[in-house]
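Residue numbers (this note's numbering), protein chains in the order written: chain A, 3 to 182; chain B, 11 to 339; chain C, 25 to 213.
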């Protein structure tokens, strides 16, 4: 609680400082105008596009809200689970939790996405950095290919035994136990 | 004089933007009809042929019907996020069109980081499916959302890597400059591996068959949009077809020279028509894929991505770089 | 020209205000997913700020890496492990001055530093020099900061391996559970 309040106050101070800086800056900034106007001609159509888009979608949703009927029936407000609602999903605080296979893919994604970013910096400046850049990028790619090889060899990219038939799982488990 | 023009130019731009948005959505709706007709033909049946000539007014009928449906938000869901999710999906796909250069003079913006903008919007589109699955608060939707997220984020990496060869050869992120750099020859000549990876990643990103596992009806009812109905469902549907158009448009821009054509052909039609013609070709290809290929299993899909597409895309990049340094391309 | 400059400035402060408000909302949300959504909005607004300050590449990266990758991971975790409700009840309570005085002092040090940075004319002129495009960033990264990129690749490697081993499904645990299940079955039969 205290931390939150102190964070808020710091944020507010920062905001004030920014405003102060803005007032002070005004005089010394004219040189930037040409550079910035270029940025502006590129971004304002996108901003306008975004605003028009959101307004249109909101209008469509509102229209369907007005036009559509409102009905009531006995089982309408239950999830589509063929009448058998076995578990409460996590969003409403239920106990259902899922295996984390999918989560692993999300972790790999973050790592390789960062790699992509580094490589983007390389390819855009490809002609400037030449052979030195190429050798460096090859080492960079090589290291991550080794990482990929590693996670493949230890079987991290497979969905493992949970998708085998249950009997197979039992056999595996017994073998594991007798190996101990 | 100059001052006067400066005041008028924004107005024209806004008109152009409005026309574009109001054309894109009917085009996506018509695509639904085209797909149903084509699948009908390929499966030796008629498809929708009652409303208007050849059934071409079917999309309009569908739209009117959907507007008359109840705007139902399930009481067991997280209402705010539930409504927000389809909007996020539609906005992300439509925003990507803002950087696509349609012809020498048409296009919303020549952003200097256009390609990064496209990839950024593709990465934000993940929120739509994840949040839809989470907010629906039902098991099928949850599982579908999770599958969709794992699939989309994996293939996003390969998509980013596959377009790097293009950036390497053209030296810019600006999509208009990428098109203009292909005046002497389309990039597909050297980047066919990149194109292959890009196309497959694009199919996976827009959840099209054969990669529609997040909404595989035999396993998950309708996946992440199980609880959606009416216009909100239509928005998901629309995003999917807009996604198909977007991936086709990006393939054309990046690998097939955008609106450019070799000389005897170029003078026959205006550039915009060539662009649309090329896009239609790819859209047809997507529809043909849907009718001809079965769905893989989910773990096969992911391991195919990580073990085949990723090394392939990296190798393509390295080979392209070597050839470029050797002065061959 | 003057109009254009004024509108750039206006857009910049608008985006900044959106970022600040979204961050405040993020801190005060009870629902984790809503909080994360506000954080996404805040990051997008910061990306717009970057773009308007003349750093388009940084803006693109901000969206792709932070909003598009790291927060997706967060949302994924929240969704999968059912953390959407406020779990501060189970968290250790921070009562007493000793718990928060340290972070507070550090935060104030940061604040002073930032005030200095905003106030000093030199730094301001460096900040507002010109557009830094992607090409310059690439040339620097693969030129003078060559070693940093390689170190980053090792960091990513370490992150990948460690991430997997922290989050991997605990297979031993499962076998034990299943075998106990078996034993129980055998006993009962």
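We put the CB at the ideal spot given by N, CA and C, even for glycine.
Presumed contact (8 Å Cβ cut-off) between residue i and residue j, rounded CB distance
i: residue 155/B; j: residue 142/B; result: 6 Å
i: residue 124/A; j: residue 132/A; result: Going by Cβ atoms, the distance from residue 124/A to residue 132/A rounds to 11 Å, so no, they are not a contact pair.
i: residue 133/B; j: residue 93/C; result: 7 Å
i: residue 241/B; j: residue 34/B; result: That belief does not hold up - the Cβ atoms of residue 241/B and residue 34/B are roughly 17 Å apart, past 8 Å.
i: residue 175/B; j: residue 201/B; result: 5 Å
i: residue 299/B; j: residue 219/B; result: 7 Å
i: residue 285/B; j: residue 262/B; result: 7 Å
i: residue 353/B; j: residue 203/B; result: Not covered by the structure: residue 353/B. The range shown for chain B is 11 to 339.
i: residue 185/A; j: residue 163/B; result: Beyond the ends of chain A as shown, which are 3 and 182, falls residue 185/A; an answer cannot be given.
i: residue 39/C; j: residue 69/C; result: 5 Å
i: residue 79/B; j: residue 66/A; result: 7 Å
i: residue 224/B; j: residue 161/B; result: 6 Å
i: residue 117/A; j: residue 150/A; result: Contact flag wrong, Cβ pair sits at about 10 Å.
i: residue 211/B; j: residue 165/B; result: 4 Å
i: residue 196/B; j: residue 92/B; result: Not really, about 44 Å apart at Cβ, beyond 8 Å.
Sequence-distant residues of its chain with Cβ nearer than 8 Å to residue i (five each side left out)
i: residue 44/B; result: 293 and 297
i: residue 320/B; result: 167, 168 and 171
i: residue 25/C; result: Reliability fails at residue 25/C, whose pLDDT of 48 lies under 50, so the model's placement of it is uncertain and the value that follows must be treated cautiously. None.
Within-9 Å CB hit, residue i to chain A
i: residue 71/B; result: no
i: residue 108/B; result: yes
i: residue 319/B; result: no
i: residue 192/C; result: yes
i: residue 85/C; result: yes
i: residue 213/B; result: no
i: residue 81/B; result: yes
i: residue 160/B; result: yes
i: residue 62/C; result: no
i: residue 160/C; result: yes
i: residue 204/B; result: no
i: residue 225/B; result: no
i: residue 260/B; result: no
i: residue 20/B; result: yes
i: residue 231/B; result: yes
Start and end residues, alpha helix (DSSP H) containing residue i
i: residue 305/B; result: Premise fails: residue 305/B is in no alpha helix (DSSP H) and is neither H nor E.
i: residue 79/A; result: Unbroken run through residue 79/A: none, as it is neither H nor E.
i: residue 89/B; result: 89–106
i: residue 136/B; result: 124–146
i: residue 326/B; result: 320–335
i: residue 117/A; result: 103–126
i: residue 257/B; result: 240–265
i: residue 143/C; result: 121–143
i: residue 192/C; result: Careful: residue 192/C lies outside any alpha helix (DSSP H) and carries neither H nor E.
i: residue 86/B; result: Neither: residue 86/B is in no alpha helix (DSSP H) and is coded neither H nor E.
i: residue 174/B; result: 174–180
i: residue 66/C; result: 56–76
i: residue 155/C; result: Residue 155/C -> no alpha helix (DSSP H), and no H or E assigned at all.
i: residue 68/B; result: 68–77
i: residue 214/B; result: 202–215
i: residue 274/B; result: 273–276
Below-9 Å beta-carbon distance, residue i vs any chain B residue
i: residue 129/A; result: yes
i: residue 152/A; result: no
i: residue 105/C; result: no
7 Å CB neighbourhood of residue i in its chain, flanking five on each side removed
i: residue 119/B; result: 108 and 109
i: residue 246/B; result: 96, 99, 235 and 238
i: residue 106/A; result: 158
Close Cβ partners of residue i (< 6 Å) along its chain, the five nearest in sequence each way excluded
i: residue 106/B; result: 128, 131 and 256
i: residue 139/B; result: 155, 158 and 234
i: residue 158/C; result: 81
i: residue 49/B; result: 301
Short CB-CB distance (under 9 Å) between residue i and chain C
i: residue 123/B; result: yes
i: residue 117/A; result: yes
i: residue 138/A; result: yes
i: residue 104/A; result: yes
i: residue 56/A; result: no
i: residue 148/A; result: yes
i: residue 88/B; result: yes
i: residue 316/B; result: no
i: residue 53/A; result: no
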